[in-house]
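K.L.:
Numbering (full-length UniProt numbering), first residue to last: 1 to 252. Cβ coordinates follow ideal geometry from the N, Cα and C atoms, glycine included. Predicted, not measured: the structure shown is a model, and the values here were computed from it.
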């Protein structure tokens with residue numbers, strides 16, 4: 001299946017410290033590419049995979065489930081871990097949920113976690129109906145491109161594939177149930193105005209992960225990694241990595 005131009009994965013080998021970036025539901029690596037390139041430019045090895053069913057056609061995504069997306073980031077984590085003694089994980093939206101799941105599963109093998117507007121709760125009425133709707137409706141209007149900055153477009157599907165969406169509650173429930181296993185340092189960037197993910201997810205993280213540092217973004221919507229606060233996210237994540245890595249970055 002041909003890829004959308006710009007939806008390609010991104011990888012960069014630098015030093016001993018690596019970060020795995022996980023893009024969001026119906027999105028592509030494009031939404032995190034500037035973040036990955038910024039970290040790569042400061043001596044961090046970066047892995048930004050494209051998850052199955054993403055970046056082609058929404059109909060293809062309807063053939064995938066959360067287990068497929070998680071398997072891809074799990075594979076990328078194993079590969080990065082084989083090249084870097086220390087690995088951080090990060091993600092946007094549902095990619096943040098996948099990053100948290102990796103942290104739950106791998107424990108001390110992950111040095112720290114960084115998430116932007118993470119989605120870990122079933123708080124969208126339409127998605128609650130997805131397990132029923134999937135038998136009647138193949139797709140519904142998309143949730144992409146929630147960006148405040150003029151002239152910026154997120155590369156993502158304009159339709160939400162319902163069968164794929166119907167698998168989300170299983171992942172959310174699993175991640176919520178195991179949040180106490182996230183003992184690594186956790187940095188959360190949260191947009192005050194987000195038209196895709198409600199504050200419920202961050203509230204749950206605040207309650208169940210006491211060591212989490214939560215920074216509010218005041219000038220961005222959901223896709224904050226492409227928005228007005230992107231530079232703050234990039235710089236903050238680099239400081240976080242420098243603080244919690246036990247080895248210097250390539251250029252440090």
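Can you give me the C-alpha to C-alpha distance between residue 28 and residue 217, rounded to a whole angstrom?
P.N.:
Residue mapping note: residue 28 aligns to position 28 of the chain shown, counting from 1. Residue mapping note: residue 217 aligns to position 217 of the chain shown, counting from 1. Taking the straight line from one Cα to the other gives about 22 Å.
K.L.:
Looking at residue 241 and residue 19, is the spacing between their C-beta atoms short of 8 Å?
P.N.:
The residue labelled residue 19 in the question sits at position 19 within the chain shown. The residue labelled residue 241 in the question sits at position 241 within the chain shown. Yes; because the gap between Cβ atoms is below 8 Å, this pair is in contact.
K.L.:
In whole angstroms, what separates the C-alpha of residue 104 from that of residue 97?
P.N.:
On the chain shown, position 104 is the one that residue 104 refers to. On the chain shown, position 97 is the one that residue 97 refers to. Their backbone Cα atoms lie some 11 Å apart in a straight line.
K.L.:
Suppose the cutoff is 7 Å on Cβ atoms and the five residues either side in sequence are ignored; what does the same chain contact list for residue 192 look like?
P.N.:
Position 192 of the chain shown holds residue 192. The answer, listed in chain order, is 216, 217, 218.
K.L.:
Go ahead and label residue 207 buried or exposed: buried means 16 or more other beta carbons lie within 10 angstroms of its beta carbon, across all protein chains shown.
P.N.:
As a first step, residue 207 must be located in the chain shown, where it is residue number 207. So residue 207 counts as exposed.
K.L.:
Can you say whether residue 64 is buried or exposed, counting buried as having 16 or more other CB atoms within 10 angstroms of its CB?
P.N.:
Locating residue 64 in the chain shown gives position 64, where the first residue counts as 1. Counting Cβ neighbours within 10 Å, residue 64 comes out buried, since at least 16 surround it.
K.L.:
Can you check whether the CB of residue 30 is closer than 8 Å to the CB of residue 53?
P.N.:
Taking the first residue of the chain shown as 1, we reach residue 53 at position 53. Taking the first residue of the chain shown as 1, we reach residue 30 at position 30. No. Outside cutoff.
K.L.:
From the DSSP output, in three-state form, read off residue 193 for me.
P.N.:
As a position in the chain shown, residue 193 is number 193, starting the count at 1. Coil, per DSSP.
K.L.:
Unbroken alpha helix (DSSP H) runs of length 4 or more, entirely within the region 51-132: which are they?
P.N.:
List check, alpha helix (DSSP H) in window: 58-61, 66-83, 94-106, 125-128.
K.L.:
Can you tell me which of 188, 200, 220 puts its alpha carbon nearest to the alpha carbon of residue 254?
P.N.:
Not covered by the structure: residue 254. The range shown for the chain is 1 to 252.
K.L.:
Could you name each continuous alpha helix (DSSP H) segment of 4 residues or more that falls completely within the region 184-238, going from the start of the chain to the end?
P.N.:
Here the runs fully enclosed are 200-208.
K.L.:
Does residue 244 come out as helix, strand or coil in the three-state DSSP assignment?
P.N.:
Sequence index remark: in the chain shown, residue 244 carries index 244 (1-based). Here residue 244 sits in helix by DSSP.
K.L.:
Rounded to whole angstroms, what's the CA-CA distance from residue 106 to residue 227? Just pull it up for me.
P.N.:
Mapped onto the chain shown, residue 106 falls at position 106. Mapped onto the chain shown, residue 227 falls at position 227. The alpha-carbon atoms of residue 106 and residue 227 are separated by roughly 31 Å.
K.L.:
Any heavy atom of the ligand FMN inside 7 Å of the beta-carbon of residue 37?
P.N.:
With respect to the ligand FMN, the structure shown offers nothing to examine, as it has no ligands at all.
K.L.:
Drop a sphere of 10 angstroms on the beta-carbon of residue 202, count the other beta-carbons inside from all chains shown, and report buried for 16 or more, exposed for fewer.
P.N.:
Stepping through the chain shown from its first residue, residue 202 is reached at position 202. Buried, by the Cβ-count rule.
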